[in-house]
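>
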Amino acid sequence: MKQVHVYMAGDSTMADYKKYSFPQMGWGQKMSDYFQSTVTIHNHAVNGRSTKSFIDENRWKEMEKQFQPGGYVIIQFGHNDQKEDKERATEPFTTYQQNLRHFIQRTRQFNVTPILATSIARRRFDVEGNLEDTHGDYPKAMRDLAREENITLIDMLKLTEQAIKQLGPEQSKQWFMWSKPDEYEAFPNGAKDDTHLNEMGASKVAGLFVRELRKLEHPLANYLKMTMEG
Numbered sequence: 001m002k003q004v005h006v007y008m009a010g011d012s013t014m015a016d017y018k019k020y021s022f023p024q025m026g027w028g029q030k031m032s033d034y035f036q037s038t039v040t041i042h043n044h045a046v047n048g049r050s051t052k053s054f055i056d057e058n059r060w061k062e063m064e065k066q067f068q069p070g071g072y073v074i075i076q077f078g079h080n081d082q083k084e085d086k087e088r089a090t091e092p093f094t095t096y097q098q099n100l101r102h103f104i105q106r107t108r109q110f111n112v113t114p115i116l117a118t119s120i121a122r123r124r125f126d127v128e129g130n131l132e133d134t135h136g137d138y139p140k141a142m143r144d145l146a147r148e149e150n151i152t153l154i155d156m157l158k159l160t161e162q163a164i165k166q167l168g169p170e171q172s173k174q175w176f177m178w179s180k181p182d183e184y185e186a187f188p189n190g191a192k193d194d195t196h197l198n199e200m201g202a203s204k205v206a207g208l209f210v211r212e213l214r215k216l217e218h219p220l221a222n223y224l225k226m227t228m229e230g
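Reading the sequence shown from the start, the letters are residues 1 to 230 in the UniProt record's numbering.
#1: For Pro188, count neighbouring Cβ atoms within 10 angstroms of its own Cβ and tell me buried if that reaches 16, exposed if not.
#2: Among Gly78, His196, Leu157 and Arg123, which residue has its Cα nearest to the Cα of Leu208?
#3: Label Thr13 either buried or exposed according to how many other C-beta atoms from any shown protein chain fall within 10 Å of its C-beta, with 16 as the threshold for buried.
#4: So the alpha helix (DSSP H) Leu167 belongs to, where does it begin and stop?
#5: Taking only the alpha-carbon atoms, compute the straight-line gap between Tyr20 and Ala89 and give it to the nearest angstrom.
#6: Quickly, what does DSSP pair Tyr7 with across the bridge? List them, please.
#7: Let's test the definition: count the other Cβ atoms within 10 Å of the Cβ of Gln29 and tell me whether it reaches 16, buried, or not, exposed.
#8: Following the continuous beta strand (DSSP E) through Lys192, name the residue where it begins and the one where it ends.
#9: Rounded to whole angstroms, what's the CA-CA distance from Asn111 to Gly48? Just pull it up for me.
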């Protein structure tokens, strides 16, 4: 079978982490667990990046140099587009959509298929135990654009919200960077982080993504392992 290349562009929730950051991981780091050996994952996601900074720092251009015709690009931004600093900030229905449209147009020029993914949910419950929405209009802006451009959207916000709600306020900590002091060498003071995933969370979230691919009968799903754990 031919080798298939999958490129990933996104932020810290998708990024790869070094061993010294264990157990923190992005869900892109666990994608290869679900695919056959004919698939190579190129994870270009970087902590703290928005659509704007990913372009301005030439990270998209660098990724383009690796593009192989017939490949796929998974694009997940939004967490940092919300930030107020000028290096990262975008507006949902103007600059954010413009930057996403730029990504889509560039992938098509290289005969690479774009897949949009909304930001994963933050584990933020109110005092009554209801999961709060923290992403504003960015997910809607991405959904609207996917419809306009007629490309696949994997609604990771919706999928992770459902999973986190089902787990509840306590059990959902098992997916995120919550740890006790001295439990992990990288976090001697412990951690209480409702945005970033641990190894279990990264695996579970990647599993949500690939199962949705299979449900949608997306061509990339043809390269998934027959049986999937997680």
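Where is the CB? At the ideal position from N, CA and C, for every residue including glycine. Computed from a prediction, not measured in an experiment: that's the story for all the values here.
Short version:
#1: Position 188 of the sequence shown, counting from 1, holds the residue named residue 188. Its Cβ having fewer than 16 others within 10 Å, Pro188 is exposed.
#2: Position 208 of the sequence shown, counted from the start, is the residue given in the question as residue 208. Per the Cα distances, Leu157.
#3: Residue numbering aside, residue 13 sits at position 13 when the sequence shown is read from its first letter. Classification for Thr13: buried.
#4: Here residue 167 corresponds to residue number 167 of the sequence shown, with the count starting at 1. Where Leu167 is concerned, the enclosing alpha helix (DSSP H) stretches over Met156 to Gln171.
#5: As a working mapping, residue 20 is identified with position 20 in the sequence shown. As a working mapping, residue 89 is identified with position 89 in the sequence shown. Looking at the two C-alpha atoms, the distance is approximately 30 Å.
#6: On the sequence shown, residue 7 is found 7 positions in, with the first residue counted as 1. As DSSP reads the structure, Tyr7 sits in a beta bridge with His42 and Val73.
#7: On the sequence shown, residue 29 is found 29 positions in, with the first residue counted as 1. Buried.
#8: In the sequence shown, the residue the question calls residue 192 occupies position 192. Residues Ala191 to Leu197.
#9: Numbered from 1 along the sequence shown, position 111 holds the residue referred to as residue 111. Numbered from 1 along the sequence shown, position 48 holds the residue referred to as residue 48. For Asn111 and Gly48, the gap between their C-alpha atoms comes out near 28 Å.
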